[in-house]
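Engineer: Structure in structure tokens, see below.
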Amino acid sequence: DTAVSQTPKYLVTQMGNDKSIKCEQNLGHDTMYWYKQDSKKFLKIMFSYNNKELIINETVPNRFSPKSPDKAHLNLHINSLELGDSAVYFCASSQDRGGGETQYFGPGTRLLVL
Amino acid sequence: AQSVTQPDIHITVSEGASLELRCNYSYGATPYLFWYVQSPGQGLQLLLKYFSGDTLVQGIKGFEAEFKRSQSSFNLRKPSVHWSDAAEYFCAVGETGFQKLVFGTGTRLLVSP
Chain S
230 DTAVSQTPKY
240 LVTQMGNDKS
250 IKCEQNLGHD
260 TMYWYKQDSK
270 KFLKIMFSYN
280 NKELIINETV
290 PNRFSPKSPD
300 KAHLNLHINS
310 LELGDSAVYF
320 CASSQDRGGG
330 ETQYFGPGTR
340 LLVL
Chain B
132 AQSVTQPDIH
142 ITVSEGASLE
152 LRCNYSYGAT
162 PYLFWYVQSP
172 GQGLQLLLKY
182 FSGDTLVQGI
192 KGFEAEFKRS
202 QSSFNLRKPS
212 VHWSDAAEYF
222 CAVGETGFQK
232 LVFGTGTRLL
242 VSP
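For the protein sequence lines, the chains are S and B, in the order given. Heads up: take any position in the first sequence, counting from 1, add 229, and you land on our numbering. Heads up: take any position in the second sequence, counting from 1, add 131, and you land on our numbering.
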């Protein structure tokens, strides 16, 4: 059983399109995150949600909109895709909020914008 | 703001040899420190973490790390590397009261026969 799952695994699309990435965790965790990994493998947090409430929004363009329908799901919608959005997007979850909590990562969604 | 430095971009180690990956952090208080591993095309898996107490932390797959406050370091070690250890290794710091992890730039480990 996959603890943190993401769909799709690969996403190839044209500039200007709108796309969504879905994330689900079956760990019963209260907190979920989105991270972006760029072409140089650098990982940076984008958003975090705790009990469906947005906690962290790290100066991400407003073309990116996270949505948390319930504690187990955190989706990422991206409008008007740009070339620079090409990256690997990781979803993660943790039991609670707090810097010491272990975060469990999904397998990633590889987004390529052409 | 906290930051993490992994000074080695690539490291090549012979199979069976020992390994040490360096990590230095910048943070005012006692940090929460983590090591994650990313195999090609995969997500990140936690190897070990440090909160407080014993400064030598044991993790999975035979890895350990030592927290040295005086050097602001949290280096990862393994006494004998296996070919399956070839991957990208990330050091990260978590801040008290906040949820985000700040990652280093990663070190790619290559294992030669």
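The C-beta atom is built at its ideal place from N, Cα and C for all residues, glycine as well.
Mind pulling the beta strand (DSSP E) runs of 3 or more residues that sit fully within the stretch 146-170 of chain B?
Structural biologist: The qualifying runs are 150-152, 155-157, 163-169.
Engineer: Given 8 Å as the limit, is there contact between the stretch 273-281 of chain S and the stretch 333-340 of chain S, that is, 3 or more CB pairs closer than that?
Structural biologist: Touching, no, given that fewer than three Cβ pairs across the two stretches are closer than 8 Å.
Engineer: How would you call Asn-291/S, buried or exposed, if buried means at least 16 neighbouring beta carbons within 10 angstroms?
Structural biologist: So Asn-291/S counts as exposed.
Engineer: Skipping 5 residues on each side, what residues in its chain have a beta carbon closer than 8 Å to that of Gly-235/B?
Structural biologist: Answer for Gly-235/B: Val-135, Thr-136, Gln-137, Cys-154, Phe-221, Cys-222, Ala-223, listed in chain order.
Engineer: Can you name the start and end residues of the beta strand (DSSP E) that Asp-299/S belongs to?
Structural biologist: Start and end: 293-299.
Engineer: Spell out the partners DSSP gives Val-289/S in its beta bridges.
Structural biologist: Val-289/S pairs with nothing; no bridge assigned.
Engineer: Just reading off the beta strand (DSSP E) that Gly-225/B is part of, what are its end residues?
Structural biologist: Here the beta strand (DSSP E) through Gly-225/B covers 218-225.
Engineer: Quick check: Gln-266/S and Ala-232/S, are their CB atoms within less than 7 Å of each other?
Structural biologist: Their beta carbons are not under 7 Å apart, which means Gln-266/S does not touch Ala-232/S by this criterion.
Engineer: DSSP three-state call for Ile-191/B: helix, strand or coil?
Structural biologist: Ile-191/B: helix per DSSP, three-state reduction.
Engineer: Look at the Cβ atom of Tyr-262/S, then the Cβ atom of Ser-277/S, and state whether they are nearer than 7 Å.
Structural biologist: Taking 7 Å as the Cβ cut-off, Tyr-262/S and Ser-277/S qualify as a contacting pair.
Engineer: Mind reading off the beta-carbon distance from Glu-219/B to Gln-169/B? Whole number of angstroms is fine, and I expect it under 8 Å.
Structural biologist: About 4 Å; that satisfies the 8 Å criterion.
Engineer: Beta-carbon of Phe-334/S versus every beta-carbon of chain B: anything under 7 Å?
Structural biologist: Chain B contact via Cβ: present.
Engineer: Considering only residues of the same chain and omitting the five flanking positions on each side of Phe-198/B, which have a CB-CB separation below 6 Å?
Structural biologist: Excluding residues within five positions, the ones whose Cβ falls inside 6 Å are Tyr-181, Thr-186, Phe-205.
Engineer: Please state if the CB of Val-188/B and the CB of Asp-216/B are separated by a distance shorter than 7 Å.
Structural biologist: For Asp-216/B and Val-188/B, no; Cβs fall outside 7 Å.
Engineer: Please name the residue in Lys-231/B, Gly-237/B, Ser-211/B whose C-alpha comes closest to that of Ala-148/B.
Structural biologist: Closest by alpha carbon: Ser-211/B.
Engineer: Alpha carbon to alpha carbon, what distance is there between Cys-252/S and Asn-304/S?
Structural biologist: Their Cα atoms are separated by approximately 6 Å.
Engineer: Do you know whose CA, among Arg-239/B, Gly-237/B, Thr-238/B, Leu-232/B, lies nearest Tyr-163/B's CA?
Structural biologist: Closest by alpha carbon: Leu-232/B.
Engineer: Please report the straight-line C-alpha distance between Gln-332/S and Phe-165/B, rounded to a whole angstrom.
Structural biologist: Their Cα atoms are separated by approximately 10 Å.
Engineer: Output yes or no for whether 7 Å exceeds the beta carbon distance between Gln-133/B and Tyr-158/B.
Structural biologist: Yes, the pair counts as a contact, with Cβ atoms nearer than the cut-off.
Engineer: Work out the CA separation of Tyr-318/S and Lys-238/S for me, nearest whole Å.
Structural biologist: Cα-Cα distance, rounded: 10 Å.
Engineer: Work out the CA separation of Pro-244/B and Val-289/S for me, nearest whole Å.
Structural biologist: Spanning the two alpha carbons is a distance of roughly 43 Å.
Engineer: Identify the contact partners of Gln-173/B in chain S, using a Cβ-Cβ distance below 7 Å as the criterion.
Structural biologist: Simply Pro-336.
Engineer: 7 Å is my cut-off, CB to CB: does Lys-192/B come that close to chain S?
Structural biologist: No, because no Cβ of chain S sits closer than 7 Å to the Cβ of Lys-192/B.
Engineer: Just the chain S side, please: which residues come within less than 9 Å of Leu-232/B by C-beta, in chain order?
Structural biologist: Within chain S, the residues near Leu-232/B are Tyr-262, Tyr-264, Leu-272, Ile-274, Ala-321, Gly-328, Gln-332.
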